[in-house]
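So the structure is just underneath, and the comments pick up after that.
Numbering (my numbering), first residue to last: 12 to 488.
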């Protein structure tokens, strides 16, 4: 890792700590103001006392309040990407999170106060919510302003590649440089998507090579951002290019002339000039984190409540020769390998001749295995995969590397499924079903890609309802 890359990481860590301390302080101040109001106004009015001394619960209540506030901020993603945030967007998300937090806090901790009249509730809300808002906004504006100042002074900067056709880049030179200036980017060079033999600089940047060499230059130059400028006749290069850049974890911007083929897949941001930013994550931080919390809660509850059924199935599977559980390498999020767990439904040496997909009336399936597959009971141990973070309740079904390689060779866009955790069930499973060949896998993939581009709590619930109906009707294989 280069000194510049390490410096950016250190800055990110320092600012994350600063934001956490700021939010902790804001919560402590807001709670102290609330506590003072309750002790000096609410309780004396209710009990007829002139004042009440602060008791030992004060530091406990303050600590609980601060931890809840920090957890809320983390849940909505306000500690991520602190060096690259839009202050207006951050302020909007802060106000939204604070509104929900204050209402929940009021219902949980303030509503049961002994009050002489309901105006006391309004006073408590004013002091707690108003204090938390004012202090939080003040701290965040100060920290955000300091980051912007460091970017303007070139103390913080982000190495950037320009990718595209030379004439298009030159036509947009002013916009590229304005965007770089506003975003703290330092243009490191350009990658040609047309004639690699034209060994000439473009807008003063050295030619580094072709798209095939992006990974090398991204590593060597510690690239953080890329700006893509393609002519209409090169739009066919965009999908594989985006897939490669996503795997490298780079921040991707494109000029609006590519919007025609990406409609609905990107959101428009302003970075000095109007540019489309390609967002790697299909869900925002709140949805992604709450989805993971739901996965943990539901999978833990399922393993506990279904333990008698799991034990019964284990005893039935043990009646045939071979292990009770079947473990197999699958590709998960970011293409990482994990061990998927199922109840064994086939004979012990089912794949002695190499990887084989199951089919209807497959002779390798045991008698009890056919029943388990029909009602998808064999999938129940995967709640453990969900609990430990390898999988989600809903997501594209994970494939073996043997078949994933064949799918990617024929349909490169399949790599998009590595954006998310694979699932026990998926839109492809409920709308298409099991796949018995690579061709069927590719057709099912279309449903999974559609799900990824439209991930939401609503669609997850829809998939779970369809799955329940499929299980009840015994449509498994």
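Quick reminder that beta carbons are idealized off the backbone N, C-alpha and C, glycines included. Please read all numbers here as calculations on a predicted model, not as lab measurements.
Nearest residue (CA-CA) to residue i, options the options
{"i": "residue 443", "options": "435, 386, 147, 456", "result": "456"}
{"i": "residue 452", "options": "473, 411, 478", "result": "411"}
{"i": "residue 251", "options": "204, 96, 376, 341", "result": "204"}
{"i": "residue 35", "options": "315, 83, 20", "result": "83"}
{"i": "residue 27", "options": "89, 316, 414", "result": "89"}
{"i": "residue 316", "options": "392, 336, 243", "result": "392"}
{"i": "residue 415", "options": "450, 405, 396", "result": "450"}
{"i": "residue 169", "options": "111, 189, 195", "result": "195"}
{"i": "residue 304", "options": "287, 220, 399", "result": "399"}
{"i": "residue 384", "options": "324, 294, 365", "result": "324"}
{"i": "residue 437", "options": "427, 292, 473, 161", "result": "473"}
{"i": "residue 244", "options": "478, 179, 348", "result": "179"}
{"i": "residue 540", "options": "314, 128, 258", "result": "With the chain covering 12 to 488 only, the question about residue 540 has no answer from this structure."}
{"i": "residue 466", "options": "107, 151, 359, 300", "result": "300"}
{"i": "residue 199", "options": "184, 215, 186", "result": "215"}
{"i": "residue 183", "options": "327, 164, 242, 420", "result": "242"}
{"i": "residue 70", "options": "98, 97, 85, 41", "result": "41"}
{"i": "residue 358", "options": "346, 381, 344", "result": "381"}
{"i": "residue 181", "options": "266, 373, 260, 113", "result": "266"}
{"i": "residue 417", "options": "441, 374, 366, 463", "result": "366"}
Supposed contact pair residue j and residue i - C-beta distance, whole angstroms, cut 8 Å
{"i": "residue 339", "j": "residue 332", "result": "Wrong, their Cβ atoms sit about 18 Å apart, outside the cutoff."}
{"i": "residue 222", "j": "residue 202", "result": "6 Å"}
{"i": "residue 434", "j": "residue 403", "result": "5 Å"}
{"i": "residue 124", "j": "residue 53", "result": "6 Å"}
{"i": "residue 249", "j": "residue 426", "result": "Contact doesn't hold; Cβ gap of about 14 Å is too wide."}
{"i": "residue 22", "j": "residue 167", "result": "6 Å"}
Pair within 9 Å by beta-carbon distance, residue i and residue j
{"i": "residue 37", "j": "residue 73", "result": "no"}
{"i": "residue 65", "j": "residue 143", "result": "no"}
{"i": "residue 296", "j": "residue 91", "result": "yes"}
{"i": "residue 193", "j": "residue 171", "result": "no"}
{"i": "residue 510", "j": "residue 429", "result": "Outside the displayed range of the chain (12 to 488) lies residue 510, so it cannot be described from this structure."}
{"i": "residue 103", "j": "residue 87", "result": "no"}
{"i": "residue 176", "j": "residue 115", "result": "no"}
{"i": "residue 330", "j": "residue 379", "result": "yes"}
{"i": "residue 353", "j": "residue 306", "result": "no"}
{"i": "residue 264", "j": "residue 289", "result": "yes"}
{"i": "residue 95", "j": "residue 262", "result": "yes"}
{"i": "residue 117", "j": "residue 132", "result": "yes"}
{"i": "residue 405", "j": "residue 475", "result": "yes"}
{"i": "residue 479", "j": "residue 394", "result": "no"}
{"i": "residue 151", "j": "residue 77", "result": "no"}
{"i": "residue 101", "j": "residue 134", "result": "no"}
{"i": "residue 327", "j": "residue 446", "result": "no"}
{"i": "residue 197", "j": "residue 187", "result": "no"}
{"i": "residue 212", "j": "residue 463", "result": "no"}
With 16 other Cβ atoms within 10 Å as the buried cut-off, status of residue i
{"i": "residue 275", "result": "Residue placement at residue 275 cannot be trusted, given a pLDDT of 48 that sits under 50; what the coordinates show is reported in the next sentence. Exposed: under 16 other Cβ atoms inside 10 Å."}
{"i": "residue 158", "result": "buried"}
{"i": "residue 318", "result": "exposed"}
{"i": "residue 141", "result": "exposed"}
{"i": "residue 448", "result": "exposed"}
{"i": "residue 387", "result": "buried"}
{"i": "residue 147", "result": "buried"}
{"i": "residue 238", "result": "buried"}
{"i": "residue 231", "result": "exposed"}
{"i": "residue 224", "result": "exposed"}
{"i": "residue 138", "result": "buried"}
{"i": "residue 30", "result": "buried"}
{"i": "residue 269", "result": "A caution first: residue 269 carries a pLDDT of 48, below 50, which makes its placement in the model too unreliable to give a value."}
{"i": "residue 370", "result": "exposed"}
{"i": "residue 431", "result": "buried"}
{"i": "residue 111", "result": "exposed"}
{"i": "residue 362", "result": "exposed"}
{"i": "residue 128", "result": "exposed"}
{"i": "residue 302", "result": "buried"}
{"i": "residue 469", "result": "exposed"}
{"i": "residue 413", "result": "exposed"}
{"i": "residue 67", "result": "exposed"}
{"i": "residue 272", "result": "Note that residue 272 has pLDDT 45, beneath the 50 cutoff, so the model's placement of it is unreliable and no number is given."}
{"i": "residue 471", "result": "buried"}
{"i": "residue 235", "result": "buried"}
{"i": "residue 97", "result": "exposed"}
{"i": "residue 149", "result": "exposed"}
Interface flag, residue i vs chain C, CB-CB below 9 Å
{"i": "residue 161", "result": "Going by chain labels, chain C is absent from the structure shown, which holds only one protein chain."}
Residue i CB to nearest heavy atom of the ligand NAP below 8 Å
{"i": "residue 252", "result": "The ligand content of the structure shown is nil, which means the ligand NAP is not present either."}
Exercise. Taking the runs of the alpha helix (DSSP H) that are 4 residues or longer, which of them lie wholly in the segment 281-331?
Worked result: Runs of the alpha helix (DSSP H) inside the segment 281-331: 296-316, 318-328.
Problem - Segments of 4+ residues assigned as alpha helix (DSSP H) that fall wholly inside the segment 40-101 - result: Taking only runs of at least 4 residues, the alpha helix (DSSP H) segments lying wholly in the segment 40-101 are 54-58, 68-86.
Practice task
List in chain order: all unbroken beta strand (DSSP E) runs of 3+ residues lying wholly within the segment 219-273.
Solution key: Counting only runs of 3 or more, we get 236-240, 262-265.
*asked:* So within the segment 156-224, which uninterrupted alpha helix (DSSP H) runs reach at least 4 residues, ignoring any that extend past its ends?
replied: Within the segment 156-224, the complete alpha helix (DSSP H) segments of 4 residues or longer fall at 177-182, 184-194, listed in chain order.
Q. What residue ranges within the segment 416-487 form continuous beta strand (DSSP E) runs of no fewer than 3 residues, ordered along the chain?
A. Restricting attention to beta strand (DSSP E) runs no shorter than 3 residues, the segment 416-487 encloses them at 434-436, ordered along the chain.
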